[in-house]
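Colleague:
There are 2 protein chains.
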Amino acid sequence: MVRIKLIFLCILCLDVFSVEKVCSESLYAGEEAWLHYLPIKNDTLRQYYISRLGKVCLAGSKFDETIKSELSESLSDMLSFSPCFVTEKAARLCMQIDKKDSSLGEEGFRMENQNGQIRISSFSDAGLLYATYCLIRLVQCHEPLDRLKIKEIPRIDFRMLNHWDDMDGNIERGYAGNSLWKWNELPDVVNKRCWDYARLNASIGINSVVLNNVNADPRFLRTDYLKKIASLADVFRKYHIRVCLSVNFAAPLKPSKTPDVMKAWGGVGSLETANPREPVVQKWWEEKVREIYRLIPDFEGFLVKANSEGMPGPQDYHCTHADGANMLARALKPYGGFVFWRTFVYNPDIDKDRMKRSYKEFYPLDGLFDDNVVLQTKNGPLDFQVIEPPQPLFGAMKYTNMAAELQITQEYTGHSTYMVYLLPFWKRFLSFDTFCAGERARIVDILEGKVYPFPITAIAGVANTGDSLNWTGHHFAQANWFAFGRLAWNAELAEQQITEEWIKSTWGCDSTVVKIIRQMMLPTWKSFLKSSSPYGLGLTVDIETHYRAAFDIRVHKEWKVDSIGIGTDRTNRGSDYVSQYFEPNRSLFNDIKTCPEDLLLCFHFVNWDYKLSSGNSLRHEFLENLKSGVSQADENIALWLSLSGKIDKIRFLEVLYSLCQEKQDAYVFYSEAMSFFREKMKIK
Amino acid sequence: MVRIKLIFLCILCLDVFSVEKVCSESLYAGEEAWLHYLPIKNDTLRQYYISRLGKVCLAGSKFDETIKSELSESLSDMLSFSPCFVTEKAARLCMQIDKKDSSLGEEGFRMENQNGQIRISSFSDAGLLYATYCLIRLVQCHEPLDRLKIKEIPRIDFRMLNHWDDMDGNIERGYAGNSLWKWNELPDVVNKRCWDYARLNASIGINSVVLNNVNADPRFLRTDYLKKIASLADVFRKYHIRVCLSVNFAAPLKPSKTPDVMKAWGGVGSLETANPREPVVQKWWEEKVREIYRLIPDFEGFLVKANSEGMPGPQDYHCTHADGANMLARALKPYGGFVFWRTFVYNPDIDKDRMKRSYKEFYPLDGLFDDNVVLQTKNGPLDFQVIEPPQPLFGAMKYTNMAAELQITQEYTGHSTYMVYLLPFWKRFLSFDTFCAGERARIVDILEGKVYPFPITAIAGVANTGDSLNWTGHHFAQANWFAFGRLAWNAELAEQQITEEWIKSTWGCDSTVVKIIRQMMLPTWKSFLKSSSPYGLGLTVDIETHYRAAFDIRVHKEWKVDSIGIGTDRTNRGSDYVSQYFEPNRSLFNDIKTCPEDLLLCFHFVNWDYKLSSGNSLRHEFLENLKSGVSQADENIALWLSLSGKIDKIRFLEVLYSLCQEKQDAYVFYSEAMSFFREKMKIK
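Those protein sequence lines, which keep their order, are chains A and B. Positions 661 to 1344 (my numbering) are the ones given, in order, by the first sequence. Positions 661 to 1344 (my numbering) are the ones given, in order, by the second sequence.
1) When the Cα of Leu871/A is compared with those of Glu832/A, Ala791/A, Phe769/A and Phe909/A, which residue comes out closest?
2) If you count every other CB in all the chains shown that lies within 10 Å of the CB of Ala1139/B, and 16 or more means buried, which is it?
3) Taking 8 Å as the threshold, find out whether the segment 883-897 of chain B comes into contact with the segment 735-755 of chain B through three or more Cβ pairs.
4) Go to Ala1063/B, then tell me how far its beta strand (DSSP E) extends in each direction, as first and last residue.
5) Could you give the uninterrupted runs of the alpha helix (DSSP H) lying entirely in the segment 695-777 of chain A, keeping only those of 4 residues or more?
6) If the cut-off is 7 Å on Cβ atoms, which residues from the segment 1287-1305 of chain B count as contacting chain A, listed in chain order?
7) Do the segment 1214-1227 of chain B and the segment 1074-1092 of chain B make contact, defined as three or more Cβ pairs closer than 8 Å?
8) The beta strand (DSSP E) with Arg902/B in it runs from where to where?
9) Distance check for Gln1036/A and Ala836/A, CA to CA, integer angstroms please.
10) For Thr1077/A, does the three-state DSSP call read helix, strand or coil?
11) Under 7 Å between C-beta atoms, does Gln1179/B make it to chain A?
12) Using Cβ-Cβ distances below 9 Å, what residues of the segment 1308-1321 of chain B are close to chain A?
13) Does DSSP put Cys1096/B in a helix, a strand or coil?
14) Since I believe Gly1121/B is in contact with Leu1066/B (beta carbons under 8 Å), could you give me their beta-carbon distance rounded to a whole number of angstroms?
15) Below 7 Å between beta carbons: does that hold for Arg815/A and Glu1295/A?
16) To the nearest angstrom, how far is it from the Cα of Arg954/A to the Cα of His823/A?
17) Are the beta-carbon atoms of Ala985/B and Phe909/B separated by less than 7 Å?
18) By Cβ distance below 8 Å, which residues in the same chain neighbour Ser1331/B in space, the five residues on each side in sequence not counted?
19) Between Ile1226/B and Glu1204/B, what straight-line distance do the alpha-carbon atoms span, to the nearest angstrom?
20) Terminal residues of the continuous alpha helix (DSSP H) containing Leu1299/B?
21) Is Asn1285/B helix, strand or coil by DSSP?
22) I need the straight-line Cα distance from Val1374/A to Lys760/A, nearest angstrom please.
23) Can you give me the C-alpha to C-alpha distance between Pro994/B and Lys852/B, rounded to a whole angstrom?
24) Tell me, please, whether the CB atom of Gln1324/A is closer than 7 Å to any CB atom in chain B?
25) Using alpha carbons as the reference points, say which of Arg1002/A, Phe818/A, Gln800/A and Trp694/A lies closest to Trp1141/A.
26) In this structure, what does DSSP give as the bridge partners for Gln800/B?
27) Should Tyr1059/B be labelled buried (16 or more other beta-carbon atoms within 10 Å of its own) or exposed?
28) Ends of the alpha helix (DSSP H) at Leu1129/B?
29) Under 7 Å Cβ to Cβ from Asp1258/A, same chain only, skipping five residues before and after it: list those, please.
30) By Cβ distance below 7 Å, which residues in the same chain neighbour Glu685/A in space, the five residues on each side in sequence not counted?
31) What residue does the alpha helix (DSSP H) around Lys1190/A start on, and which one ends it?
32) On the CB-based measure, 16 or more other CB atoms within 10 Å of its CB, does Thr1254/A come out buried or exposed?
33) Is the beta carbon of Ser1193/A sitting closer than 7 Å to the one on Thr1200/A?
34) Could you compute how far the alpha carbon of Val1111/B sits from the alpha carbon of Phe1054/B?
35) If you follow the beta strand (DSSP E) that Ile1002/B is part of, which residue opens it and which one closes it?
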């Protein structure tokens, strides 16, 4: 009924307007994200691509069908031309598996132009899939193909998205609608968006997906759910993506025995204990794992949040995190599976300073984890703040696989209302030099296994996707998903390159559009930081939503403020958190003069009269900077309006709406911050 | 091709989202304007209306088919129920022609609830059509029908829209796309929007439409175009709307003889002269008129812009406006046609003060015009400024039919970018007491023929419609079209009533929506006035677009400004324009102390130090008020955002876009005004 009405409306619109008008005012709403194939209008360029990509010879890899459909769809949309797939290797575009060149590894590829023929080779099937998306992106970005000489090999094995999706469709800290996984439709129907989700991930190199919330409902391990999960895995496999599950450490328990935090969930087990030392528990997991692998032969493993925020874990049975993780790892080992064990713990008994706790719990366990266990560690010691110093476990753990967990979803960075482009922050985190092994022991080097020879390397991003038509709620939040994938593939890619790739493949190559959008995106993290988390003052938002300003409840718990100054002393005269870092970082952070100013209040209690590098007092600059959220939104509204007519209508208007709402909310935050801090400063 | 793609997209959307979601996020874009029939969700109310409107007995009028389809469509959309049309007069809703009650006139109706039966009666067919739209509006506004006792009779005969549409589809001073009349499709196809245009007009009582620009292309009088016009008239007739044409006074001339201003147009005549005293000219018009009436038997007449802004006219032959108008009137007279002769002339030879010119040209001609001539006079003496004193010809002309010409299209009031609701201004104009015949000789009384017994009464509005999907470019500009129609029908209707009718029938009856939208609309004219035409300082915009700030070019031509003061002296010590008014208006305007402050600079040159009624100096308040355009937009953005989720998506976003653009443009205007006036005031 409704469907018919809508179709009718569309036809009506078309009757009323000329076809040209409808094209330019299309109803496109961002659903293709960066796999948006705008027609190339420059005919010379179009003919150029057709001449290079007209005849394609495929390698005979297991991804041939996927590669064929991706190439056909993208090239016919962009070039109004369908490539022809042939068997002769003299084709203009030739893909082949080169079993001799093992240097390309399981996922790398080489792409070269040899006298007008584009030759793509790889050591593996997956390499060809990645090469395909790389080639499509080159065309989307209107890049020439003549001097093509690309060799790409991802440096990190597991490039993962973590979905905090619940069984009821809710997404914890999700701001883009409900879960993409429609459990009531699965396994019979895998909806079209799951396919597109997989395509989008594969195109940026994501090869692993944790489907469910780390606050894990044990029922996901029930056979009926495992079958649903298997049906998703069957789709994702076509795009070289493996599936993981978050598991609840207490899953083997019978429901009456589970802790209170789990009471709302149904049970899956029937045991009296979940003690990892108990053979009956080990056997339960072994059997469950066997069942999983029967359904999903390439299942990747488990992600576990244990003894954290009320979730059960091995410590409930006087066992260590290592005992717990290894028990699961041993069940997975025969099938080649892995355990991703989160280090996000902050038991108040460990230390008064929350920042120190995770390190103090895990550092003593270094070397005790099995080789198929990875410690998945948030970038900072607190909890995904707008800015944080890097977690000192990176570099400290020498004998344990370490993975970084970044947050793509904007829990503390404005949800899907604020435009906050996180790439600059992630780049900074990854390039932080820990000095754990002399110079050039950056976090990225550690993650890539260059500093300590980890057998497994991994990086995870907490996803910002949902079932909203544009995937991420805010059109520009797609950029964070894209940037995470590209960074995970190659953390050395320049900010400029990743950003331009995203803009061009999402919004087109018009030079004004590219310039203005870049100008809008790049300063957003810094301006958000200045106004909402000035000088590294974390936890400035309310406890429930992590969005609205909330200072009173934080003061004296999270940081101090009075008429003298503001901040937290974590120097060796204070909590001595600085000592968790290697030198010279320890001394740099310890000294107010050398501590990075945007982390100042995280390490120091600073007098309001303190002179910053600008020559201004902290008091003055702190208050001035609070405005930057509002003025960033204002500037972006003006910049965006200048693109009117250059952007398709729905996306143009929806972004404008986000910007207006952002400005509104930024103003509320600003007003509350001003009145709170001015009162503390005793300014009348 | 494109059509298929769009349909596919819609189906895709529907597959992805639940049906509920699509409903609330419909693609509705304002194309129904105030004939938007939202389902009534309150079931009690719905059942109530069904019980009252379930069975309908029609009168057997010539509009029966129209009435039937309007009732069916509206009630089935709002009530999910189709009324049944019967012949017995005991039906719940009974319409009848009452040939005895001639007090209802040619267009009035009576509507009463008699023991649960709604009885509508009229003296004419048209009355029933208008009653139908009245009833639909009552349901749209969720009004009870139990104590219904309505008697409505329009007080003005000709309620006209003037379209300044050119033959090439362009609309002079149009900001909502191209002309609705697709000349190349006519007469074979009258597109669907012309039908809807007629429905919308009929629903607010508009009964006359001038199809083409007053700067009239003679080719509209060619037989092929007359046939196209006849096909539009055939549609409009079904909605009790008659068609007029703007004619070029030089139309009879052969092309080589036409004045330069017409060279771009083709010719239609073959004469050597257009002298109204020449029998050959008179004959030419008589024949043309005969041809027109053969094609359009209810043709209403001609609108003429003569000897104005370069257009030809009787003065070219040393004849008066009366000579010219009467010549045309006599050609039309046998068929019952009329001449609407515009008084918008400002020949610089007449007077140094432009405001005095039209009066000085036409006042001496009072009594010389035939009785089927109407002088169509702009509300003010200048040219559709944001504010103007009323044109003193109203009241001065005692023996000549006088019609007011208002401007619905926002030529000087922000085009389709600014939200400027003009009803408050029009109300003020219409209720201005001219004192031409003692007290209570308001302009509305004059227009209604109560002061002088004009045989013909008329009011015209320069239309703001075009082929944009929402008709008027800005969704809120629909309100100006609506308000003009409602005022023309009954100028005594309260601002509050007209405004609420429009909001409810366009946006729905949610009380928050109604309250917020009213709050947004009502202050807009005043805030626009304060910032763009402060204290009645007219002509502050550039000559070409009438949009951007332009002061330098106006100074000394239109008004004076220096470090001493600002304004134009039109008192008896200055140009003595005030003397064109009757007492006491003459003295009130003449005295700076009694002159309305928002017209101050139109009548006086005022010292910057002059103390206004607020106690502030003109200098201070003038500069302060310049901000009001920006702050109005800011406030409206915040108010509009508060309606997020309560308004359908496309309209919500498009209005937000307009508001953002308005703010942007208001800021540019403000900045230029500040820098210009501060410099003149010699403020550093």
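Virtual Cβ for every residue (Gly too), placed ideally from N, Cα, C. Fair warning: this is a prediction, and the values are worked out from it, not measured in the lab.
Modeller: Quick answer:
1) Measuring from the Cα of Leu871/A, the nearest candidate turns out to be Glu832/A.
2) Classification of Ala1139/B: buried, given that the 10 Å Cβ count is 16 or more.
3) No, they do not touch.
4) Here the beta strand (DSSP E) through Ala1063/B covers Asn1061 to Gln1067.
5) Within the segment 695-777 of chain A, the complete alpha helix (DSSP H) runs of at least 4 residues are 703-713 and 724-739.
6) Answer set for the segment 1287-1305 of chain B: Ile1297, Ala1298 and Leu1301.
7) Taking 8 Å as the limit for Cβ pairs, the verdict is that the segment 1074-1092 of chain B does not touch the segment 1214-1227 of chain B.
8) Per DSSP, the continuous beta strand (DSSP E) segment holding Arg902/B begins and ends at Arg902 to Val907.
9) If I take the Cα positions, the gap works out to 25 Å.
10) Note: Thr1077/A maps to coil in three-state DSSP.
11) So, not an interface residue.
12) The segment 1308-1321 of chain B vs chain A, Cβ under 9 Å: Lys1309, Ile1310, Phe1312, Leu1313, Glu1314, Leu1316, Tyr1317, Leu1319, Cys1320 and Gln1321.
13) It is a strand residue.
14) Right, the Cβ-Cβ distance comes to about 5 Å (below 8 Å), so this counts as a contact.
15) Cβ atoms of Arg815/A and Glu1295/A: not closer than 7 Å.
16) Arg954/A and His823/A: Cα-Cα distance of roughly 24 Å.
17) Phe909/B sits away from Ala985/B, with the two beta carbons spaced by 7 Å or more.
18) Cβ neighbours of Ser1331/B beyond the five flanking positions: none.
19) Roughly 24 Å separates the two Cα atoms.
20) For Leu1299/B, the enclosing alpha helix (DSSP H) begins and ends at Ser1288 to Leu1301.
21) Note: Asn1285/B maps to helix in three-state DSSP.
22) Outside the displayed span of chain A (661 to 1344) sits residue 1374/A, for which this structure offers no information.
23) Each residue's alpha carbon lies about 34 Å from the other.
24) Judged by the 7 Å Cβ criterion, Gln1324/A is in contact with chain B.
25) Residue Trp694/A is the option with its Cα nearest to Trp1141/A.
26) Per DSSP, none; premise fails for Gln800/B.
27) Tyr1059/B is exposed by the Cβ-count criterion.
28) In the DSSP annotation of this structure, Leu1129/B is not part of any alpha helix (DSSP H), being labelled neither H nor E.
29) Excluding positions up to five away in sequence, the list reads Ile1047, Leu1189, Tyr1195 and Gly1196.
30) Because Glu685/A sits at a pLDDT of 48, beneath the cut-off of 50, its placement in the model cannot be relied upon, and the following sentence gives the value as read from the coordinates. So the qualifying residues of the chain are Lys1309.
31) Its alpha helix (DSSP H) spans residues Thr1184 to Ser1192.
32) So Thr1254/A ends up on the exposed side.
33) It is a contact, given that the beta carbons lie within the stated cut-off.
34) Going from the Cα of Val1111/B to the Cα of Phe1054/B covers about 11 Å.
35) The question names Ile, but residue 1002/B in the sequence shown is Arg. That run of the beta strand (DSSP E) goes Phe998 to Arg1002.
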